[in-house]
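Throughout the sequence shown, residue numbering follows the numbering used here, covering 4 to 249 in sequence. Ideal placement from N, C-alpha and C gives every residue a C-beta, glycine not left out. It should be emphasised that the depicted structure is a prediction, and the values quoted were computed from it without experimental measurement. To keep things clear, I will list the structure first and then write my remarks on it.
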Amino acid sequence: MKKILDVCYSPEHQQLLDIYLPDCASFPVFLYFHGGGLEAGDKNNGYDPFFAYMTDHGIAVVSANYRMYPDAKYPDFLEDAAVAVKWVFDNMGSYGKVTDIYVGGSSAGGYMSQMLCFDKRWLGVHGISPMDIKGFVHDAGQPTCHFNVLRERGMDTRRVVVDDSAPLYHIGVDEKYPPMLFIVSDNDIPCRLEQTDLVLATLQYFDHTENIQCKRMHSSHCAYVRKVDEDGQSIFGKIVAEYICK
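Take a look at the structure:
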């Protein structure tokens, strides 16, 4: 695995990403957004087993930081996420032959990946459609208005609000959506499992069932992302690599 760290993908806001390359000339790319409630976390905060598993299986990973609270406000982090996707499209070809591009994230990153997937305006600014992405991985992301966006508005963070800042709001607007994998835990944070089930039911209601998968974990919220199994292999890496290499 070759590492290229702290590449600036957004000079305007000095946002950085890390690149992890497999030992092969051609590869799919997985762009990953970390979790942390849009207020904490980092592009390399204990994810080494995940990066290693992915690259060992011929998949390049790009892990991106983004603006966060308290310095950021909605929709700064979504704008950064879209710029990171644009950067991957424009630049990863210089590191090898890119076969496909996937986008995903965990928790807050899963909220952002859902917004990029269901609300086409964010990528559309950069001339990219969600349908240009080979597949999305939404790991335990909040499909309603994110609790820290509610806090920014001075609202109770437990509220279930579905407006245009919520991924769920946009389902049914477009005729087609790209393939996607949802990951959620049976002991996730309050309402996350139920809200994910509502997203899946809404997709089904609009006849978007093809290429939609869900992986239910017997775990707490995103606890598997940094963990390894009994063989020392990344649990999260196995799930994502299996989805990409299917």
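Restricting to Cα atoms, I'd like to know which of the options is closest to residue i.
i: G49; options: H60, D59, T58, H37; result: H37
i: V101; options: L206, V32, C11; result: V32
i: S51; options: C194, Q236, T205, Y246; result: Note that residue 51 is Asp in the sequence shown, not Ser. Taking only the C-alpha atoms, the option nearest D51 is Q236.
i: T58; options: L81, F30, G39; result: F30
i: V187; options: E15, L201, L153; result: L201
i: A244; options: A63, V10, T212; result: A63
i: W125; options: S66, K179, Y77; result: Y77
i: E15; options: A55, D83, G61; result: D83
i: V91; options: R162, D166, V65; result: V65
i: I175; options: Y208, V165, R161; result: For clarity, residue 175 is Gly in the given sequence; the question names Ile instead. The residue with the shortest Cα to Cα distance from G175 is Y208.
i: D210; options: K179, I247, P193; result: K179
i: Q3; options: E233, Q17, C194; result: This structure gives no information on residue 3, because the portion of the chain shown stretches from 4 to 249.
i: I247; options: D103, R156, L196; result: D103
i: D93; options: S13, G108, F121; result: S13
Is the distance from the Cβ of residue i to the Cβ of residue j below 7 Å?
i: L19; j: N68; result: yes
i: V231; j: F239; result: no
i: A143; j: C11; result: no
i: Y114; j: H149; result: yes
i: S223; j: N190; result: yes
By Cβ distance below 7 Å, which residues in the same chain neighbour residue i in space, the five residues on each side in sequence not counted?
i: V106; result: L34, V88, S116, L119, I136, F139
i: A28; result: G99, K100
i: R154; result: T160
i: G61; result: P25, C27, F30
i: T147; result: V163, V164, V165, A169, L171, Q198
i: K123; result: S132, P133, D177
i: V81; result: Note that residue 81 corresponds to Leu in the displayed sequence, not to Val. M115, M118, W125.
i: I242; result: I186, K218
List the whole-angstrom C-beta distance separating residue i from residue j, where the pair is believed to meet the contact cut-off of C-beta under 8 Å.
i: H129; j: A85; result: 6 Å
i: M183; j: H141; result: 6 Å
i: L24; j: K5; result: 4 Å
i: L206; j: T212; result: 7 Å
Apart from the five residues on each side of it in sequence, which residues of its chain come closer than 8 Å, Cβ to Cβ, to residue i?
i: L203; result: F185, I215, C217
i: N221; result: In the sequence as displayed, the identity of residue 221 is His instead of Asn. Correct list, in chain order: S188, D189, N190.
i: Q17; result: C11
i: K249; result: none
i: M158; result: V164
Excluding the five sequence neighbours on either side, which residues of its own chain have a C-beta within less than 6 Å of the C-beta of residue i, listed in chain order?
i: D79; result: R70
i: G40; result: A111, N151
i: I7; result: I22
i: M134; result: P181
i: F54; result: Y23, V64
i: D9; result: L19
i: Y72; result: L41, E42, N151
i: G44; result: H37, G38
i: I192; result: H224
Runs of alpha helix (DSSP H) lying entirely within the stretch 156-231, each at least 4 residues, in chain order: 170-173, 195-208
Return the chain-ordered ranges of every alpha helix (DSSP H) run that is complete within the stretch 67-146 and spans a minimum of 4 residues. 79-94, 111-121, 124-127
If you scan the stretch 26-67 from start to end, which runs of the alpha helix (DSSP H) of 4 or more residues do you find wholly inside it? 51-59
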